[in-house]
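Chains as they are written, first to last, in my numbering: chain A, 1 to 338; chain B, 1 to 338; chain C, 1 to 338; chain D, 1 to 338.
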């Protein structure tokens, strides 16, 4: 029963098959192949407006290149203190941006709010002596499995614009959010003021395919340059493009994410007494205490502790590939704790 | 008849198959899966000594991360003026290194020699006012298809050590060189003083798999950090590892490279009157004049011009996947020029 | 009555005179002049051991170059959340280090403790996904006028070493601390485990002269390179050296600092009812409320508010050049608040 | 007889005196003092149009900050192969710009021409694989003592604009050029298309005062930020401002430069048989052979060799402070060579 992370999941068969499908003949390198060239159109259709799309090899690359293109080296990026960009990327945003600073905010569910954005701006109001707030970055879903509604996104977008900040979304689990919300992708992106989206596919069925979706077309040239310079322009770009096209065409991305969300919901019912946060997507946070967590592990469950050592809290992540029997068995284990 | 570049080739079926083979079940992320964990051993066996291996998404990433780990920000990297790192990576080595400088040397066949290394060092001998020469980077095969022999490598290695310079090899086409030389990989790397190798698989049959092979184990930790920070530590590392394992196990890499080399040799016979350089690997440089090149294109050949506009020179690259009929047809076209 | 900051003070006459004294004849450039060459010896005598000294134009440069030489680009610098390096240098440490991250700690008097250092380390314990804690930076005196005793320094030094962290001191007001402690400079630096000191002279009587004092001689070459590359190696180095020599020779630095400290102490007596922190050096923090602060300003006092708008707190800084009458007048104003 | 460099000269008495004149009372820090606030107006008057001025501690800082504000990290700076920014700044332009690349051009007198600019652009015409040419940087006077005329500047400015390149002038010896040309400063800067000027004062009479003169006002905010971040915003800015104001007010800068130029001219008469380049400013290049150079040194002359070891060429630099007797003695020595 592996609930460690959705990044342990294999690749979806549809996506593996897409690799073979583009492997018949020679194709132009460096994103000039027919599949790479279809990406802009395919994502523009998905997002109901003109966008530019840049494939990269990892979510860290997507986040860092997007943010570096949104802030000057002396800029500040406002985010939650638990954000992936703050805690899990070994300083990649600082590296790609040439030394920008992350301004860390507290927030329930690892979310940030317009109020906290204002606080982050106010902390850096010493003119030339401060760094210059230049972007807000949020995670959708958050690192605590929470989801920003279209209204929340719009409020953040408004606050960002009022402060001349770009709005970036780390969408490593964007599919899970959209599937849960049942809204159009546009509703939680550009319609709400989002300028840049790290669109994740790897955790939800791809092998290695992430994309920067750029709504602010003026930034496209800079992103293209930063991608090349970061070693993320692939010479055989067709293989990244094929993964992304298979992912978004025919709704595969939402099908896979919905499956994971639904299993998480089911698991959440069994975990109800221990939930430290509501189950909104495919992550669950339970806090049954250290002893109970040990019992779960004895029962064969695999997952990460959460928070400082001894917190008694844990995270369970359900992936698109989770087997129904695993979920059932885990439900049984959770029930046995009572 | 596409002779533009070996990066237009599809992936070898053995390597595609390897992706499916590792896709059965969940696996630990970030290089902790069984296949990624086998890489160090597999490459250590291949190179007949302990090495550390780091997969990355592109040759640009391999070169830049390796070099950044070998030079300080105020360092100089000595290389040929036509080197890929100098001309084709949009300044990636400068980016990853924090602003190191490339010192460009002339050289026949895009090679550098111990003498030219000394000249590069001498150009930067103004103490603290100069950048500090810190590495030599060569391409094997070179951007002009030439090959460094074990003795040449050893001479460069000796010169590098005498000047306290690290020695790096851009091996985007390392397989073609080793196949042509018929030597052990060790003979043109660490036995000759090479500290770091960018080991290329993508051009020779992989989808997207390059590796930094680190012979100087003291640099491994730094490479690991720079890779993570550059967004090149994949969360599903097994898919990169699987490509590389399939590539080197059972000699596939040399089989594919030999095939390309042999077809290039055959093509070279037909191109003999026009060769601007001897055919040593899978690249040919011909200089039949602009009119002749136009004729070849009219005949259906596809390739890049070489040198400044109007030079009348062209490059033909033969890939592992080139069909025998293509080569035959191209021979016919070349013969028709006479 | 200007109590805004000691950086508003003019230069001490002894230091201005020193400029003329070195201006008689040509002298070698770039630190090869006789005065620059005496710096290492003069500071080695002052610190009772061999040190290397590097002059720079500002405290920001001293801090940033010192720290960049102590941490890798993927490193973390642990400091108080109010540190100058965190709040007042527009991201200079991030710039010079190539993107290191500052880890911000709370602490009374803007101090940090061994416990908080451990917390800062623990926050970044996710292996390659975290930045790597690499240095602790403290300010002596702190941004709240507090002073670390030799024992406190030693405890921090011990903790730093236990975690393989370099220990850096931002000594923009180091003179005020040493004058107040009455100890040897060595007692609050290398004897306690300090590796690098930003030694400030500008706020305490120089025109523009700061120095990096390097106790860890292995870092000297790197500092020299980073200084040059940062544009801080002056071509007429004698004028920076002359300022520093005049500052430390004959105890001028401690005489000036003692004078400022003593006046602050005297002022502190009058401000006793309003002190938000004890007066340890030449800075006072008073919290008489917004109305009272307005009255002080009406009475002719000039100073900065402290904390968020409406906090009712203010900072008074006494410089070496403060006139006795100013202090007396300010005492009267403070008395009138009661 | 020290003809090593004008950076060995002391400070002019007028400039030393200006330091005392601004030292009477407290003054606002960080460029908010009355003298710093006059800089923009004073330089706007000097250049006959609105400019923004930023003092920095060295020519390296001026060049690097100006260039970093003119090029993206993936940009190329086109310059002569002997330029100070290429050979003498330990990679500072690469550091400040985040890794831009210098494109080195040959040229008589260390000059570049519109033709060579075009060549530099053409060398980097591989789209996203190349760095992006973004600036031209010339030295006025050049590293070989040559001077660009207003017409030459205008031709370069036109070429730069045609290629969307910023035009930067390293004016470490700008005074010598303007004095020699007898033109308005505007004639060899913005009227000819110059966007950014590193205006040098240190070599020509200041202690340590260089300025970035920004003609393209849109870049001012970026320069301000980069200066702060580089540690070049002085807390006691009045002392830098005072030097620059004394330098340009009342024509001191041209008086000092003219004196140096005239003595160089006189020396050039005696050196006529050995001149490797015409004497245009305050630098002479002679090539009497190694033996003759040894004789000059035996006679008491001090200077640097030029070019590779054994070239037999030397550089003589005449400073504003050179004594007439020295020049006379040197003339005698030169005459004795015949």
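Glycine residues also receive a C-beta, built at the ideal position from the N, C-alpha and C atoms.
Cβ contact annotation for residue 5 (chain C) (same chain, cutoff 7 angstroms, sequence separation greater than five): 317, in chain order.
At a cut-off of 8 angstroms between C-beta atoms, residue 100 (chain B) counts as an interface residue with respect to chain D. Taking C-alpha positions only, residue 14 (chain C) is separated from residue 246 (chain C) by approximately 7 angstroms.
Contact annotation: in the stretch 9 to 43 of chain C, residues whose CB is within less than 9 angstroms of a CB in chain D are 9, 10, 11, 13, 16, 19, 20, 22, 23, 24, 25, 26, 27, 28, 29, 30, 33. For the C-beta of residue 130 (chain D), the chain B residues within less than 8 angstroms are, from N- to C-terminus, 87, 88, 90. Among the residues of chain D, those whose CB is under 7 angstroms from the CB of residue 56 (chain C) are 231, following chain order.
Taking the Cα of residue 270 (chain B) as reference, the smallest distance to any Cα among B:330, B:226, B:242, B:137 is reached at B:330. Three or more Cβ pairs drawn from the stretch 201 to 217 of chain A and the stretch 52 to 59 of chain A lie within less than 8 angstroms of each other, which places the two stretches in contact. Using a Cβ-Cβ cut-off of 7 angstroms, residue 70 (chain C) is close to nothing in chain B; its nearest Cβ partner there is about 14 angstroms away. According to the DSSP secondary-structure assignment, residue 76 (chain D) is paired through a beta bridge with D:101, D:133.
In this structure, residue 137 (chain D) sits near residue 83 (chain D), with a CB-CB distance shorter than 8 angstroms.
Under a 10 Å Cβ-count criterion, residue 274 (chain A) is classified as buried, with 16 or more other Cβ atoms of the shown protein chains found around its own Cβ. When rounded, the separation of the alpha-carbon atoms in residue 143 (chain B) and residue 109 (chain B) is 8 angstroms.
The Cβ atoms of residue 70 (chain C) and residue 196 (chain C) sit closer than 8 angstroms to each other.
Chain order gives no chain B residues near residue 227 (chain D), where near means a beta carbon separation below 7 angstroms; the closest approach is about 18 angstroms. Judged by their CB atoms, residue 310 (chain D) and residue 294 (chain D) are not nearer to each other than the 8 angstroms cut-off. Residue 323 (chain B) counts as exposed, since fewer than 16 other beta carbons sit within 10 angstroms of its beta carbon. The three-state reading of DSSP puts residue 279 (chain D) in coil, since its state is none of H, G, I, E or B. A residue is called buried when at least 16 other Cβ atoms come within 10 angstroms of its Cβ; residue 64 (chain C) meets this threshold and is buried. Residues of chain B with a Cβ closer than 7 angstroms to the Cβ of residue 74 (chain C) are, in chain order, 225, 229. Taking the beta carbon of residue 61 (chain D) as reference, the chain C residues within 8 angstroms of it are 230, 231, 232, listed in sequence order. No residue range can be given for residue 3 (chain D), since it is assigned to no beta strand (DSSP E) and is classified by DSSP as neither H nor E. Secondary structure note for residue 53 (chain B): its beta strand (DSSP E) is the uninterrupted segment 52 to 56. One alpha carbon belongs to residue 124 (chain B), the other to residue 153 (chain B), and they sit about 23 angstroms apart. Linking residue 198 (chain D) to residue 145 (chain B) through their CA atoms gives a straight-line distance of about 44 angstroms. Bridge partners of residue 265 (chain D) according to DSSP: none are assigned. For residue 87 (chain D), the enclosing alpha helix (DSSP H) has its first and last residue at 84 to 87. At a Cβ-Cβ threshold of 8 angstroms, residue 203 (chain A) and residue 238 (chain A) do not count as neighbours.
Here DSSP, grouped into helix, strand and coil, assigns residue 198 (chain A) to strand. Close CB contacts of residue 111 (chain A) within its chain, under the 6 angstroms cut and outside five residues either way in sequence, are with 142, 146 (chain order).
Contact between residue 113 (chain A) and residue 107 (chain A) holds: CB atoms are separated by about 7 angstroms, below the 8 angstroms threshold.
Restricting attention to beta strand (DSSP E) runs no shorter than 3 residues, the stretch 269 to 323 of chain D encloses them at 283 to 286, 304 to 306, 313 to 317, ordered along the chain. Beta-bridge pairing by DSSP links residue 171 (chain C) to C:199.
Sequence-distant partners of residue 287 (chain A) (beyond 5 residues in either direction) whose C-beta falls short of 7 angstroms from its own C-beta, in its chain, are 274, 276, 312, 313.
At least one CB atom of chain D sits nearer than 8 angstroms to the CB of residue 95 (chain B). Contact check between the stretch 71 to 79 of chain A and the stretch 92 to 99 of chain A: three or more CB pairs, one atom from each, fall below 8 angstroms, which counts as touching.
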